[in-house]
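In this note's numbering, the protein residues as written are 664 to 1121.
Each residue gets a CB set at the ideal place from its N, CA and C atoms; glycine is no exception.
Model, not experiment: these values are computed from the prediction.
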Ligand code: C2O
Ligand code: CU
Ligand code: CU
């Protein structure tokens, strides 16, 4: 696998018109070659795309495409991204699932000032964990993610794995009508329920694509749910597929089984044994709905066996015996929105332990919902008091899912856990990354109407 060390991505404008000082540009253009860093320039800008054949959708893109350009880095190396904002409004980039220093986490007013139109921000951090991740703004999320600002981030394993073939598949449903025009990204009565769904389902920006894969080969499919609302019930009936990693973190490989529920923000790495050429096409589905057709095409390579399990990421093992337990209730709270709030477009439908996050209040993170001791061991009991499921995400850390009152769980590491209807689950982790970390539901409508909090580690 090869990729350019330095790639200039997205190109409505050159650096010259960005308004950078020459010094800023020189820093990037003149730096010595160094194989341990991976440098990108990434531009967010309005860009027309074609989602509905023959129609234009006025998207916002990273690097001129939606989903955004795939960024790659090798585990343990440094990723450097000069991010340039050519949108008409402030934004940031958050690196979902990456354990990094707080200043690089991309949450406006918490870890950095928003990047204003015409300005840039240099993100740089070492990537400790291999796996499938993604990036997105943490500002005006319903609109910015809805318009297309989402992209894959792949951290390659330090040493070669048994996989020869690798495909990234970003799942997103667009809020567009039959002519490609945007419809509302967030509708209050939907925000108070499961969230506002887009109508047009796509993989890598294409509706119902056909994926041509080499016959007899084992292909690593990195499925990334970059959608704002939908939990995909993934299945590949008739296909031979095994799960190798969940949300970036390797597991002991096991068959995909009947269905895997991939909530917003979550990822699954599958190994698919591509059937013989000429055999029937496979369908990747969301429940009964087809997402893509998989078409085996001739390959001259000898047919392959299942690769060994992927090496685990260097995550500290929490000691559940001595861990301190904290409880978090995720509740519905429609009564919180006063008529005045609603008239002003401020809705609060959700809360954590009786507290609703207010996306218009820039000081919320000054009042963390919990303060943890650096290097302490913690168990969080997550209790969903509602009829709608919540993919619960924690920034800056990887946690271990221990158990649930609703289903049998083989403990595994993740950054996003899909908490089902009325489910109570326990997660545990070592608080080894100091900072103020967002803790929220990744259904964007829920997050923007209260279901977010800050966890402080000091
Ligand atoms: Cu991918 Cu705070 O989120
Ligand atoms: Cu995140
Ligand atoms: Cu939710």
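May I ask you to report which of helix, strand or coil DSSP gives residue i?
i: residue 749; result: coil
i: residue 1157; result: The requested residue 1157 is not part of the displayed model; the chain covers only 664 to 1121.
i: residue 1012; result: coil
i: residue 1039; result: coil
i: residue 704; result: strand
i: residue 809; result: helix
i: residue 946; result: strand
i: residue 1118; result: strand
i: residue 1002; result: helix
i: residue 1029; result: helix
i: residue 836; result: strand
i: residue 803; result: coil
i: residue 1101; result: strand
i: residue 687; result: Note that residue 687 has pLDDT 30, beneath the 50 cutoff, so the model's placement of it is unreliable and no number is given.
i: residue 825; result: coil
i: residue 937; result: coil
i: residue 848; result: coil
i: residue 694; result: Here residue 694 scores only 42 on pLDDT, less than 50, and its place in the model is too uncertain to base an answer on.
i: residue 915; result: strand
i: residue 959; result: strand
i: residue 1054; result: strand
i: residue 1112; result: coil
i: residue 890; result: coil
i: residue 903; result: strand
i: residue 710; result: strand
i: residue 1060; result: coil
i: residue 908; result: strand
i: residue 1066; result: strand
i: residue 878; result: coil
i: residue 971; result: coil
i: residue 722; result: strand
i: residue 830; result: strand
i: residue 979; result: coil
i: residue 1091; result: strand
Mind reading off the beta-carbon distance from residue i to residue j? Whole number of angstroms is fine, and I expect it under 8 Å.
i: residue 805; j: residue 864; result: In fact, because the Cβ distance is near 18 Å, the residues do not count as touching under 8 Å.
i: residue 960; j: residue 882; result: With 8 Å as the limit, residue 960 and residue 882 do not qualify as a contact, their Cβ atoms being about 12 Å apart.
i: residue 978; j: residue 1053; result: Residue 978 to residue 1053, Cβ: 23 Å. No contact.
i: residue 887; j: residue 930; result: 5 Å
i: residue 1065; j: residue 1055; result: About 14 Å separates the two Cβ atoms, so there is no contact after all.
i: residue 901; j: residue 792; result: No, residue 901 and residue 792 are not in contact; Cβ-Cβ is about 33 Å, not under 8 Å.
i: residue 1080; j: residue 1061; result: Not quite, the Cβ-Cβ distance comes to about 11 Å (not below 8 Å), so this is no contact.
i: residue 1003; j: residue 1014; result: Their Cβ separation, rounded to whole angstroms, is 18 Å, which puts residue 1003 and residue 1014 out of contact at 8 Å.
i: residue 955; j: residue 935; result: Residue 955 to residue 935, Cβ: 12 Å. No contact.
i: residue 799; j: residue 880; result: Incorrect: roughly 31 Å between the Cβ atoms, too far for contact.
i: residue 742; j: residue 788; result: 6 Å
i: residue 1038; j: residue 1057; result: That pair is no contact at about 17 Å.
i: residue 874; j: residue 810; result: About 26 Å separates the two Cβ atoms, so there is no contact after all.
i: residue 796; j: residue 759; result: 6 Å
CB residue i to CB residue j, shorter than 7 Å?
i: residue 832; j: residue 723; result: no
i: residue 958; j: residue 943; result: no
i: residue 704; j: residue 748; result: no
i: residue 730; j: residue 889; result: yes
i: residue 846; j: residue 853; result: no
i: residue 973; j: residue 908; result: yes
i: residue 1059; j: residue 1100; result: yes
i: residue 1012; j: residue 776; result: no
i: residue 1111; j: residue 1047; result: no
i: residue 638; j: residue 725; result: This structure leaves residue 638 out entirely; the chain is present only between 664 and 1121.
i: residue 1051; j: residue 1094; result: no
i: residue 736; j: residue 790; result: yes
i: residue 975; j: residue 913; result: yes
i: residue 801; j: residue 770; result: yes
i: residue 877; j: residue 962; result: yes
i: residue 738; j: residue 818; result: yes
i: residue 948; j: residue 1016; result: no
i: residue 1031; j: residue 1119; result: yes
i: residue 1043; j: residue 991; result: yes
i: residue 721; j: residue 751; result: no
i: residue 971; j: residue 826; result: no
i: residue 1023; j: residue 762; result: no
i: residue 1098; j: residue 765; result: yes
i: residue 1033; j: residue 989; result: yes
(message) Count Cβ pairs between the stretch 749 to 757 and the stretch 825 to 841 that sit closer than 8 Å; are there 3 or more?
(response) no
(request) Report the residue ranges of all alpha helix (DSSP H) runs contained in full by the stretch 728 to 795; include only those spanning at least 4 residues, in chain order. (result) none
(request) Could I get the ranges of all uninterrupted alpha helix (DSSP H) runs contained in the stretch 851 to 876, with 4 residues as the minimum, in chain order? (result) 851 to 854
(request) Indicate whether the contact test is met: 3 or more Cβ pairs, each with one atom in the stretch 1111 to 1120 and one in the stretch 1027 to 1042, closer than 8 Å. (result) yes
(message) With three or more C-beta pairs closer than 8 Å as the rule, is the stretch 979 to 995 touching the stretch 909 to 927?
(response) no
(request) Examine the Cβ distances between the stretch 923 to 932 and the stretch 883 to 899 and report whether three or more of them are shorter than 8 Å. (result) yes
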